[in-house]
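Taking it in order: structure first as structure tokens, then the write-up.
Written out as structure tokens, the structure is:
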């Protein structure tokens, strides 16, 4: 009964620093109604399974929120579950949904991600809660922060390969510029590399504009077997089929220091990419991919990622990025949505928003100013922590 | 759950110029909630590391099977899945990488007392195979990869026993 899943429909809210007028349930409602409009469906009666994707119990002051979300959109008594994997949550949720379809456990599954990470907590409380996602015994207790861990990694990358601040500033400026062409983006900005370099230091070498955003938002993707989508989703026939052709996952130690001497790059991402490429039948990813959403939690992370995803040699990412290889008019456009830096990053929804962007790119319905011409294959790269969990998902249009 | 009563912060109106389907839901109430948590938290089999810091001694753990030395210590060698042995190190080592942090997360009282920018350092301690993360009390501008460091100790009291130590230039 195994069947390669297709993306049957997508929907989301606008991504914002705060949706003051919405709690998590309200955000999900808006994303779901957007998805039903996209699908041309009147409701969820035919959908067989739910899958909730959110990171933090603390931010919502609510445990078992998955059950509440499932309830709020009337999915009872159908099966449901919650998936959590830090920053990779949304991508891991899609990977889990892929397995549900492939195994024959169901023919349709609604993956819904939501997060209220914006201004619903004092910044002091938010910082303390985020610090709990590092190793509390050894990293959190000393005052370590993820910005600091990423920064120490980037310093090692700079020392080993000569990567420069203006190279990762290129990513910060470009992704925020791309966000201007994305109506759901949180923080489009028209800024220069100098603006990034002059922004205030946060954790050297990272400055304010090198850092991604805290966001409120929600996104939904309906994954289904091809036959189910044809039978139940009116919009499915009117656009090219987008298949979910590959998924890979890799892991690494929680603490950066335990990876010594390999502290410049993401081993988990290399593993995830190779697994996803093998599954999707991709041998030469730089040539065979047309568009990608890369996890730019910090600007330099995109440089490390283009190396670990196998698009350039280890250490060559800075030069390739600065030369424009991953700009909208480059060899492989990366983060046309604006990425985490420009579109925003409601954690549990982030991986789903990345896949939503790829689906719209492959359908050819993105804003013309960010639409990649005739895109046929797209990739999402999403990770948790400093890539203690990494997930790569691949989607392909088949006309 | 909450040791205070919730308190009303404000009631606002959604923008009436937005003509959406939620016209009947324009009033939004926002309240303040407090949740404080106290843990009686076991440091488990890592405990001896923290206990010995009070004696100004620095312990790693070593695996008999693969001979890897873990600092921070791991009770279980993840490669061999067998218990490690404690191994005392000199506490001297070299700076591998670092970052100067301009915002403190205020995780505990010792962290909240740090004056930014403070330095998060990763040191390769002599005899260890992993990097140990801790605060380095030195001017960020003076740091160089490979420079010699040492574990320094203080008497406390501290908010978390990891703060019985820090790194200092050797």
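Protein chains in written order, with our numbering: chain F, 1 to 399; chain G, 1001 to 1170. For each residue, glycine too, the CB sits at the ideal point set by N, CA and C.
query = Tell me which same chain residues have a C-beta within less than 7 Å of the C-beta of residue 175 of chain F, skipping the five on either side of it?
reply = Looking up residue 175 of chain F in the first chain gives position 175. Cβ within range, chain order: 296, 335, 338, 339, 341, 342.
task = Identify the contact partners of residue 228 of chain F in chain G, using a Cβ-Cβ distance below 9 Å as the criterion.
result = For this step, residue 228 of chain F is matched to residue 228 along the first chain. Correct list: empty, because the minimum Cβ distance to chain G is about 28 Å.
message = I want to see whether chain F comes within less than 7 Å of residue 1009 of chain G, judged by CB atoms only; does it?
response = By 1-based counting over the second chain, the position of residue 1009 of chain G is 9. Chain F contact via Cβ: absent.
ask   = Which residue or residues does DSSP assign as beta-bridge partners of residue 1098 of chain G?
value = Counting from one through the second chain, the residue named residue 1098 of chain G turns up at place 98. Note: residue 1098 of chain G sits in a beta bridge opposite G:1121.
key: Extent of the continuous beta strand (DSSP E) run through residue 1086 of chain G   = As a first step, residue 1086 of chain G is located in the second chain; it is residue number 86 there, counting from the start. Unbroken beta strand (DSSP E) run through residue 1086 of chain G: 1085-1089.
Inter-stretch contact (C-beta, 8 Å, three-pair minimum) for the region 1049-1067 of chain G and the region 1084-1102 of chain G = Yes, they touch.
ask   = Sorted by chain position, which residues of the same chain lie with C-beta nearer than 8 Å to residue 1119 of chain G's C-beta, five sequence neighbours on each side aside?
value = Position 119 of the second chain, counted from the start, is the residue given in the question as residue 1119 of chain G. Only 1098, 1099, 1100, 1101, 1135, 1136, 1137, 1138, 1140, 1143 meet the Cβ criterion.
message = Output needed for residue 351 of chain F: all residues of its chain with C-beta closer than 6 Å, excluding positions within five of it in sequence on either side, in chain order.
response = Counting from one through the first chain, the residue named residue 351 of chain F turns up at place 351. Contacts found: 90, 91, 382.
query = Tell me the DSSP bridge mates of residue 75 of chain F?
reply = Start at 1 with the first residue of the first chain, and residue 75 of chain F comes out as number 75. For residue 75 of chain F, which the question treats as bridged, DSSP gives no partner whatsoever.
ask   = Can you give the Cα-Cα distance for residue 322 of chain F and residue 29 of chain F, rounded to whole angstroms?
value = Mapped onto the first chain, residue 322 of chain F falls at position 322. Mapped onto the first chain, residue 29 of chain F falls at position 29. Looking at the two C-alpha atoms, the distance is approximately 41 Å.
key: Euclidean distance between Cα positions of residue 16 of chain F and residue 390 of chain F   = Within the first chain, the letter at position 16 stands for residue 16 of chain F. Within the first chain, the letter at position 390 stands for residue 390 of chain F. Approximately 25 Å, taken between the alpha carbons.
query = residue 1118 of chain G versus chain F: which residues are under 9 Å apart at the beta carbon?
reply = Against the second chain, residue 1118 of chain G aligns to sequence position 118. 143, listed in chain order.
task = Pick out whichever of F:36, F:355, F:85 has its Cα sitting closest to the Cα of residue 246 of chain F.
result = For this step, residue 246 of chain F is matched to residue 246 along the first chain. Residue 246 of chain F has its Cα closest to that of F:355, out of F:36, F:355, F:85.
request  = Report the option in F:363, F:370, F:388 whose CA atom is closest to the CA atom of residue 397 of chain F.
outcome  = Indexing the first chain from 1 puts residue 397 of chain F at position 397. For residue 397 of chain F, the nearest C-alpha among the options comes from F:363.
query = Taking the C-alpha atoms as reference points, what is the distance between residue 156 of chain F and residue 264 of chain F?
reply = Translated into the one-based positions of the first chain, residue 156 of chain F becomes position 156. Translated into the one-based positions of the first chain, residue 264 of chain F becomes position 264. Between residue 156 of chain F and residue 264 of chain F, the C-alpha separation is close to 6 Å.
request  = Within 10 angstroms of the Cβ of residue 1022 of chain G, are there 16 or more other Cβ atoms? Answer buried if so, exposed if not.
outcome  = Residue mapping note: residue 1022 of chain G aligns to position 22 of the second chain, counting from 1. Classification for residue 1022 of chain G: exposed.
ask   = Could you give the distance in angstroms between the alpha-carbon of residue 484 of chain F and the alpha-carbon of residue 70 of chain F?
value = Residue coverage of chain F in this structure runs from 1 to 399, which leaves residue 484 of chain F outside it and unanswerable.
ask   = Which of the three DSSP states, helix, strand or coil, is assigned to residue 316 of chain F?
value = Numbered from its first residue, the first chain carries residue 316 of chain F at position 316. DSSP places residue 316 of chain F in coil when its eight states are reduced to three.
Span separating the alpha-carbon of residue 112 of chain F from that of residue 1153 of chain G = Stepping through the first chain from its first residue, residue 112 of chain F is reached at position 112. Stepping through the second chain from its first residue, residue 1153 of chain G is reached at position 153. Near 49 Å, if we compare the C-alpha coordinates of residue 1153 of chain G and residue 112 of chain F.
query = Looking at the C-beta of residue 1157 of chain G, does it have a partner C-beta in chain F at a distance below 7 Å?
reply = Stepping through the second chain from its first residue, residue 1157 of chain G is reached at position 157. Answer no: the Cβ-Cβ gap between residue 1157 of chain G and chain F never drops below 7 Å.
query = Are any of the Cβ atoms in chain F nearer than 7 Å to that of residue 1162 of chain G?
reply = If you number the second chain from 1, residue 1162 of chain G lands on position 162. So yes, residue 1162 of chain G belongs to the interface.
query = With respect to the beta strand (DSSP E) encompassing residue 1165 of chain G, which residues constitute its N-terminal and C-terminal limits?
reply = On the second chain, residue 1165 of chain G is found 165 positions in, with the first residue counted as 1. Counting along the chain, the beta strand (DSSP E) containing residue 1165 of chain G begins and ends at 1165-1169.
message = For residue 1090 of chain G, would you say it is in contact with chain F, using Cβ-to-Cβ distances shorter than 7 Å as the test?
response = For the purposes of this step, residue 1090 of chain G is identified with residue 90 of the second chain, where counting begins at 1. By this cut-off, residue 1090 of chain G is not an interface position.
request  = Determine the closest residue to residue 152 of chain F out of F:96, F:278, F:298, with distance taken between C-alpha atoms.
outcome  = Along the first chain, read from residue 1 onward, the residue named residue 152 of chain F stands at position 152. Ranking F:96, F:278, F:298 by Cα distance to residue 152 of chain F puts F:298 first.
query = Alpha carbon to alpha carbon, how far is residue 150 of chain F from residue 233 of chain F?
reply = Taking the first residue of the first chain as 1, we reach residue 150 of chain F at position 150. Taking the first residue of the first chain as 1, we reach residue 233 of chain F at position 233. Roughly 42 Å between the two C-alpha positions.
task = Check distances from the C-beta atoms of the region 1128-1156 of chain G to those of chain F and list, in chain order, the residues that come in under 8 Å.
result = 1129, 1130, 1131, 1132, 1133, 1134, 1135, 1140, 1145
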